[in-house]
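Following: one structure in structure tokens, then a few remarks.
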Amino acid sequence: NLDLALVTYADLVLMAEEAYDTAMNDRDLPESEKRFAEKVLEDTRREYADVLGLLGRLCLAQGDYEGGEEYLMKGLAAYEKYTHSNHPAVGVITQGLAEL
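Residue 818 is where the sequence shown starts when you use this note's numbering, and the numbers rise one by one after that.
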């Protein structure tokens, strides 16, 4: 089920955030490990936003405009929250929303 998969992915983002927080608070952890935890968190957040945007585009291609809008809006919100509004994927998502 797609909804379950997205909840699981969202949980993965939360776990990456918890791992990052733990790493940053560990005074004995080498800086290289802290940077690695930060990269994993950034990558996980970006991939989650990508998945939402791709699902939105897929819904649009299948004629499911309501579902497409929902996923595109979630993807856009994730990019704005986790990265920045200048990320190239934001343009793809915005284009999809313009097609509605």
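Every residue gets a Cβ at the ideal spot worked out from N, C-alpha and C, and that includes glycine.
Please read all numbers here as calculations on a predicted model, not as lab measurements.
Return the CA-CA distance between residue 850 and residue 844, expressed in angstroms with no decimal places.
Here residue 850 corresponds to residue number 33 of the sequence shown, with the count starting at 1. Here residue 844 corresponds to residue number 27 of the sequence shown, with the count starting at 1. Distance between the alpha carbons of residue 850 and residue 844: 11 Å.
Buried or exposed for residue 837, going by 16 or more other Cβ atoms inside 10 Å?
Along the sequence shown, one-based indexing puts residue 837 at 20. Burial call: buried.
Inter-residue Cα distance where the pair is residue 911 and residue 878:
Your numbering for residue 911 matches position 94 in the sequence shown. Your numbering for residue 878 matches position 61 in the sequence shown. Taking the straight line joining both Cα atoms gives about 15 Å.
With DSSP collapsed to three states, give me the class of residue 861.
Counting from one through the sequence shown, the residue named residue 861 turns up at place 44. It is helical.
Of all the options 842, 917, 848, which has the alpha carbon lying nearest to the alpha carbon of residue 881?
For the purposes of this step, residue 881 is taken as residue 64 along the sequence shown, with counting starting at 1. Among 842, 917, 848, the Cα nearest to that of residue 881 belongs to 917.
Expressed to the nearest angstrom, what Euclidean distance is found between the alpha-carbon atoms of residue 907 and residue 891?
Position 90 of the sequence shown, counted from the start, is the residue given in the question as residue 907. Position 74 of the sequence shown, counted from the start, is the residue given in the question as residue 891. Their backbone Cα atoms lie some 11 Å apart in a straight line.
Taking the alpha-carbon of residue 896 as reference, which of 884, 876, 859 has the nearest alpha-carbon?
On the sequence shown, residue 896 is found 79 positions in, with the first residue counted as 1. Taking only the C-alpha atoms, the option nearest residue 896 is 859.
Taking the alpha-carbon positions, what's the residue 893 to residue 854 distance?
By one-based count along the sequence shown, residue 893 stands at place 76. By one-based count along the sequence shown, residue 854 stands at place 37. The alpha-carbon atoms of residue 893 and residue 854 are separated by roughly 24 Å.
Inter-residue spacing [alpha-carbon to alpha-carbon] between residue 827 and residue 913
On the sequence shown, residue 827 is found 10 positions in, with the first residue counted as 1. On the sequence shown, residue 913 is found 96 positions in, with the first residue counted as 1. Distance between the alpha carbons of residue 827 and residue 913 is about 22 Å.
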